[in-house]
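What follows is a set of notes on a single structure, which appears directly below.
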């Protein structure tokens with residue numbers, strides 16, 4: 012994953028509520044799966060395994076965050092466990108089909124969570140974060156971002 016993409020995810024995370032955090036985790040997982048498929052398909056097996064491990068780390072976070080006291084949570088947990096097993100097996104056999112199947116499941120979940128985001132108007136999980144203003148200024152084709160530092164003490168307040 013490029014440094015620019017990591018920064019994009021970091022910015023999204025600082026402004027996300029609980030539902031959006033899950034959506035972002037799905038996006039990160041999908042990116043790592045696509046990266047793994049690309050690397051394995053051109054023979055870069057070590058890099059592909061590294062991307063698969065990063066996708067599995069995202070899956071581990073999703074598994075830990077599931078509420079197992081609801082039927083939906085139990086179903087999602089089973090799906091995450093199945094996906095984890097598929098990724099482990101694909102890492103051993105370098106099966107692009109297994110990775111693709113997991114990626115398709117995550118795309119469907121991502122779409123569902125995008126719909127849930129529309130109904131969730133809760134506050135962002137992180138407070139006291141920097142404000143980022145982006146827009147087309149001073150030029151027709153240039154995007155300028157401005158970060159305002161309100162305080163040196165920022166981030167999740169516990």
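Residue numbers (our numbering): 12 to 169. Idealized CB from N, CA, C, for every residue including glycine.
Separation of residue j from residue i, as counted between CA atoms
i, j, result
"residue 49", "residue 106", "12 Å"
"residue 43", "residue 117", "12 Å"
"residue 112", "residue 120", "13 Å"
"residue 65", "residue 40", "8 Å"
"residue 131", "residue 30", "7 Å"
"residue 69", "residue 104", "21 Å"
"residue 125", "residue 38", "11 Å"
"residue 134", "residue 75", "22 Å"
"residue 46", "residue 87", "24 Å"
"residue 80", "residue 93", "19 Å"
"residue 22", "residue 63", "24 Å"
"residue 19", "residue 102", "28 Å"
Start-to-end residues for the alpha helix (DSSP H) that takes in residue i
i, result
"residue 30", "29–52"
"residue 62", "56–76"
"residue 81", "Premise fails: residue 81 is in no alpha helix (DSSP H) and is neither H nor E."
"residue 14", "14–25"
For residue i, three-class secondary structure by DSSP
i, result
"residue 105", "coil"
"residue 181", "Residue 181 cannot be examined here, being either before or after the span of the chain that is shown, 12 to 169."
"residue 94", "helix"
CB-CB length for residue i against residue j, believed under 8 Å
i, j, result
"residue 128", "residue 34", "6 Å"
heavy atom of the ligand HEM below 7 Å from residue i C-beta
i, result
"residue 60", "Of ligands this structure carries none, so the ligand HEM is not represented either."
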